[in-house]
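Note that the sequence shown covers residues 152 to 368 in this note's numbering.
Written below as structure tokens is the structure these notes are about.
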Amino acid sequence: LKDGELHWFLASIAILTVIIAFALVITDYYDIETAFRKALFQVATTHTSCGFATDDYNLWPPFTWMLLIWAMISGGCTGSTSGGVKNLRLLIMFQNIRNQFRQMLHSRAILPVHINNDQVPVQTSALVYTFFVTYLICIFIGWTLLMCFGVGLTESFSTVISAIGNVGPGLGAFGPVFSWAALPDAAKWILSALMLVGRLEIFGVLLLFDKRFWTDY
């Protein structure tokens, strides 16, 4: 219960659930109980890469889609079988960003990052940033390639994030009440590659394309 990553994870689920439930009530889509239940389940299932759905969130207010996209990118906690960036990395980046603002106010201050009372080495923070940027680059490349094969902007964006996070459903024509059967074969191959990259934490797969990996020393 004292784990910082768990606090971040539960807070993210709670905040996203409350915002989405409030939006569903305000737009008269559901009553309070149903809105909270539907929002909680959908946020939890996308956050943990389960891929289940109890409602067609394509019919929800469009801004809620981006909240679900955030849940897909965040993923679960470190050491779990869920996909996504993982919440510990997000927590480290958030603390680095917060420290950067503090550093601007107090230029001589030394502000290390602490997770669960343990100081995070600078090398670890650098690795986290490298991973996150590489993750976004993979999303951008996959997004662009799918659009080259005729997949729509929203559909390609959501399916790429869903694939690399190993979540399942996307948005639009490939949302929770549809399948990905209508995607071009080339798009399916790209998404399959992204699923593999996301499942193996990116670097393990990309390292195979470095010729130095295959060189005998």
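Quick reminder that beta carbons are idealized off the backbone N, C-alpha and C, glycines included.
| Query | Result |
| --- | --- |
| Since ILE266 sits in a beta bridge, which residues does DSSP pair it with? | ASP269 |
| Along the chain, where does the alpha helix (DSSP H) that runs through ARG249 open and close? | 238-256 |
| Taking its Cβ as the centre, do 16 or more other Cβ atoms sit within 10 Å of PRO327, making it buried, or is it exposed? | buried |
| Can you tell me the Cβ-Cβ gap for ALA190 and THR168, rounded? I've got them flagged as a contact below 8 Å. | 5 Å |
| Does the region 322-342 come close enough to the region 237-249 that 3 or more CB-CB pairs lie under 8 Å? | no |
| Around the Cβ of GLN193, are there at least 16 other Cβ atoms within 10 angstroms (buried) or fewer (exposed)? | buried |
| Could you check the C-alpha separation between VAL356 and PHE252 for me, to the nearest Å? | 35 Å |
| Nearest to SER231 by CA position, among LEU218, ALA222, ILE220 and SER200, is which residue? | SER200 |
| Between the region 215-230 and the region 180-189, do three or more beta carbon pairs fall short of 8 Å? | no |
| For VAL318, count the other beta carbons within 10 Å of its own beta carbon; 16 or more makes it buried, fewer makes it exposed. Which is it? | buried |
| Could you give the distance in angstroms between the alpha-carbon of LEU161 and the alpha-carbon of THR295? | 33 Å |
| By the three-class DSSP mapping on this structure, what secondary structure does ASN209 have? | helix |
| Thinking GLY301 and PRO335 are a contact (beta carbons under 8 Å), I'd like their distance in whole angstroms, please. | 7 Å |
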